[in-house]
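Trainee: Heads up: the sequence shown at position 79 corresponds to 79 in UniProt numbering, and the numbers run straight through without jumps.
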Amino acid sequence: MGKGSSASARVGAVFEALEHYVSRSCSVPAETVKLASSSRVAKEALAGDLLADIVGEAPEGLMACAEYRAVAPAADYRGPIDVPLGLSSPSFVESADARQSLGDSFDYRPIARYCTSTGWAAGVTVEDALLHALNEQIERHLVSEFIADQFLSSKPQPINSVDRESVPESLRGKWIQSESVIGSRIHVIRCVGSVDYPTYIAYAPGVRLLDDRLRGAGSSISHEHAVERALSEIAQSKFAIESGSIARKGLEYSKKSVGEPGSKLRSASEFDLDSRIENVRSREFPDSIGYFIDTVEQVAAAASALLDGGLKSYYSVRFESQDLAIVNVFIPGVERFLLIRDGHLVVPSRKTISRL
1 MGKGSSASAR VGAVFEALEH YVSRSCSVPA ETVKLASSSR VAKEALAGDL
51 LADIVGEAPE GLMACAEYRA VAPAADYRGP IDVPLGLSSP SFVESADARQ
101 SLGDSFDYRP IARYCTSTGW AAGVTVEDAL LHALNEQIER HLVSEFIADQ
151 FLSSKPQPIN SVDRESVPES LRGKWIQSES VIGSRIHVIR CVGSVDYPTY
201 IAYAPGVRLL DDRLRGAGSS ISHEHAVERA LSEIAQSKFA IESGSIARKG
251 LEYSKKSVGE PGSKLRSASE FDLDSRIENV RSREFPDSIG YFIDTVEQVA
301 AAASALLDGG LKSYYSVRFE SQDLAIVNVF IPGVERFLLI RDGHLVVPSR
351 KTISRL
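1) Look at the Cβ atom of Leu-307, then the Cβ atom of Ala-122, and state whether they are nearer than 8 Å.
2) On the three-state DSSP scale, how would you describe Leu-85?
3) Note down the Cα distance separating residue 364 from Ser-313, rounded to an integer number of angstroms.
4) Could you check what DSSP says for Leu-203 in three-state terms: helix, strand or coil?
5) What ranges does the alpha helix (DSSP H) occupy inside the region 159 to 195, keeping only unbroken runs of at least 4 residues that lie completely in it?
6) If you count every other CB in all the chains shown that lies within 10 Å of the CB of Asn-279, and 16 or more means buried, which is it?
7) Could you give the residue range of the beta strand (DSSP E) that holds Glu-320?
8) Measure how close the beta-carbons of Ala-148 and Pro-348 come, nearest whole angstrom, since I'm counting them as under 8 Å.
9) Could you check where the alpha helix (DSSP H) with Ile-54 kicks off and where it finishes?
10) So what does DSSP say about Tyr-68, is it helix, strand or coil?
11) Three or more C-beta pairs under 8 Å: does that hold for the region 52 to 62 against the region 29 to 39?
12) Using a threshold of 8 Å, state whether the C-beta atoms of Ala-235 and Ile-189 are closer than that.
13) At the level of alpha carbons, what is the spacing between Ala-303 and Cys-115?
14) Measuring only between beta-carbons, confirm whether Arg-113 sits less than 8 Å from chain D.
15) With 16 other CB atoms within 10 Å as the buried threshold, where does Ser-282 fall?
16) For Asp-49, is the classification buried or exposed, using 16 other Cβ atoms within 10 angstroms of its Cβ as the cut-off for buried?
17) Grouping DSSP H, G and I as helix and E and B as strand, with all else coil, what is Leu-131?
18) By DSSP, does Lys-34 sit in helix, in strand, or in coil?
19) Around the C-beta of Asp-104, are 16 or more other C-beta atoms found within 10 angstroms, so that it is buried, or is it exposed?
20) Between which two residues does the alpha helix (DSSP H) containing Ser-304 stretch?
21) Between which residues of its own chain and Val-167 is the CB-CB distance below 6 Å, once the five residues before and five after are set aside?
22) Just the Cα atoms here: how many angstroms apart are Phe-92 and Ala-70?
23) Drop a sphere of 10 angstroms on the beta-carbon of Gly-310, count the other beta-carbons inside from all chains shown, and report buried for 16 or more, exposed for fewer.
24) Closer than 7 Å by C-beta to Asn-135: which residues in its own chain qualify, once you throw out the five before and the five after it? Chain order, please.
25) How would you call Gln-100, buried or exposed, if buried means at least 16 neighbouring beta carbons within 10 angstroms?
26) Can you tell me the Cβ-Cβ gap for Tyr-197 and Ala-305, rounded? I've got them flagged as a contact below 8 Å.
27) Return the bridge partner residues of Asn-328 from the DSSP annotation.
28) Cα separation between Asp-72 and Ala-300?
29) One question on the structure: do Leu-231 and Ile-186 come within less than 8 Å of each other, judged by their Cβ atoms?
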């Protein structure tokens with residue numbers, strides 16, 4: 001599905017379909033696949049990542065990998081790293097035939113819950129796709145930290161809500177339009193965490209569809225564009241469920257909660273902010289750098305923000321033609337706690353836990 005204006009939504013839907021096709025098929029030329037021992041992967045590609053210990057302690061096996069290069073090489077960056085295909089392709093993990101065909105003998109069961117398609121993106125150019133992938137990774141990272149702070153910490157940080165009257169008029173109109181689509185008031189929440197990059201959550205208190213709370217999120221170098229993406233996504237989520245598109249895909253959507261009733265993990269998986277949303281702190285909308293600056297500069301800014309937060313970003317080009325590029329971005333140490341929203345029993349990284 002695509003979101004945004006009519007033309008933008010159509011283009012986005014096509015790109016997303018191509019992106020999902022490549023990610024699900026784990027499209028990598030067999031001759032470019034490298035086999036690496038799980039112990040080497042744990043020490044190299046996963047250094048500093050939550051999965052390093054799990055992979056390192058698992059029975060030794062060979063992992064089919066693709067080569068990833070640094071997004072913005074710096075003096076302290078490692079060279080190209082070999083990243084397991086399964087980390088970004090749950091369908092590869094689930095297919096014994098696919099793994100066997102590439103010589104992958106690692107038992108993924110200990111880490112399967114952390115394998116996610118986050119970080120895939122399609123664009124007209126590699127830089128365009130790379131920017132979308134970086135924005136998605138940052139968004140999921142900061143939303144994961146937000147969920148951990150709000151539902152696992154004994155003293156969660158105050159929630160900062162955007163004052164609607166302080167946003168540009170054009171954005172205010174889109175905010176009101178999204179509320180009309182949802183049929184409810186929408187709060188826009190600023191996510192503040194280890195990466196200093198505009199990221200927002202759009203949340204509709206009291207609205208539940210198929211027993212799930214409705215929300216959207218967005219990241220961008222531009223605060224205005226990040227909020228716009230969050231508002232578009234919350235409307236997109238409503239249409240996806242109500243239109244039956246999920247059912248037409250052969251999926252039975254059901255909200256899966258994890259953890260014991262009343263536990264912090266259960267609360268995190270349910271993401272219920274209703275009881276605290278009315279007491280949020282209202283903040284002026286910050287001045288924003290325009291996102292119409294050169295795409296290469298935006299990529300550099302996103303990679304720099306990640307690096308300032310202690311995270312190095314790497315990418316692999318999976319498809320490239322004159323008018324289309326599909327990439328995957330891998331960030332060792334990125335927070336994946338958001339997966340608990342999908343019913344996966346996951347825990348935050350040590351770094352996130354230390355801040356709670």
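Beta carbons are placed, not taken as given, at the ideal position from N, Cα and C, and that holds for glycine. Keep in mind that this is a model prediction, so the values were computed, not measured.
Mentor: Here's the rundown:
1) If you number the sequence shown from 1, residue 307 lands on position 307. If you number the sequence shown from 1, residue 122 lands on position 122. For Leu-307 and Ala-122, no; Cβs fall outside 8 Å.
2) To locate residue 85, count along the sequence shown from 1; it is residue 85. Helix at Leu-85.
3) This structure leaves residue 364 out entirely; the chain is present only between 1 and 356.
4) By one-based count along the sequence shown, residue 203 stands at place 203. Note on identity: in this sequence residue 203 is Tyr, with Leu being the wrong assignment. Strand, per DSSP.
5) 169 to 182
6) For the purposes of this step, residue 279 is taken as residue 279 along the sequence shown, with counting starting at 1. So Asn-279 ends up on the exposed side.
7) Against the sequence shown, residue 320 aligns to sequence position 320. Start and end: 314 to 320.
8) Taking the sequence shown and counting its residues from 1, one reaches residue 148 at position 148. Taking the sequence shown and counting its residues from 1, one reaches residue 348 at position 348. Between Pro-348 and Ala-148 the Cβ distance is about 5 Å, and since that is below 8 Å, they are a contact.
9) Working through the sequence shown from its first residue, we reach residue 54 at position 54. Segment 51 to 57, the alpha helix (DSSP H) holding Ile-54.
10) By 1-based counting over the sequence shown, the position of residue 68 is 68. Strand.
11) yes
12) Here residue 235 corresponds to residue number 235 of the sequence shown, with the count starting at 1. Here residue 189 corresponds to residue number 189 of the sequence shown, with the count starting at 1. For Ala-235 and Ile-189, no; Cβs fall outside 8 Å.
13) As a first step, residue 303 must be located in the sequence shown, where it is residue number 303. As a first step, residue 115 must be located in the sequence shown, where it is residue number 115. Distance between the alpha carbons of Ala-303 and Cys-115 is about 22 Å.
14) Included in the structure is just one protein chain, with no chain D present.
15) Here the question's residue 282 lines up with position 282 in the sequence shown. Exposed: under 16 other Cβ atoms inside 10 Å.
16) Within the sequence shown, the letter at position 49 stands for residue 49. Buried.
17) Within the sequence shown, residue 131 is the residue found at index 131, counting from 1. Helix at Leu-131.
18) Here residue 34 refers to the residue found at position 34 of the sequence shown. It is a strand residue.
19) The sequence position of residue 104 within the sequence shown is 104, counting from 1. Asp-104 should be labelled buried.
20) Mapped onto the sequence shown, residue 304 falls at position 304. Note, Ser-304: alpha helix (DSSP H), 295 to 308.
21) Counted from its first residue, the sequence shown places residue 167 at position 167. Taken in chain order, the residues that qualify are Phe-285.
22) Counting from one through the sequence shown, the residue named residue 92 turns up at place 92. Counting from one through the sequence shown, the residue named residue 70 turns up at place 70. Those two C-alpha atoms are separated by around 24 Å.
23) Counting from one through the sequence shown, the residue named residue 310 turns up at place 310. Exposed, because fewer than 16 other Cβ atoms sit within 10 Å of the Cβ of Gly-310.
24) Here residue 135 corresponds to residue number 135 of the sequence shown, with the count starting at 1. For Asn-135, where only same-chain residues beyond five positions count, the Cβ hits under 7 Å are Ser-219, Ser-220, Ala-302.
25) Working through the sequence shown from its first residue, we reach residue 100 at position 100. Result: exposed.
26) Translated into the one-based positions of the sequence shown, residue 197 becomes position 197. Translated into the one-based positions of the sequence shown, residue 305 becomes position 305. About 4 Å; that satisfies the 8 Å criterion.
27) Mapped onto the sequence shown, residue 328 falls at position 328. Under DSSP, the beta-bridge partners assigned to Asn-328 are Trp-120, Ser-316.
28) Within the sequence shown, residue 72 is the residue found at index 72, counting from 1. Within the sequence shown, residue 300 is the residue found at index 300, counting from 1. Reading off the sequence, residue 72 comes out as Ala, not Asp. Going by the C-alpha atoms only, they are around 7 Å apart.
29) The residue you call residue 231 lines up with position 231 of the sequence shown. The residue you call residue 186 lines up with position 186 of the sequence shown. Yes, they are a contact pair.
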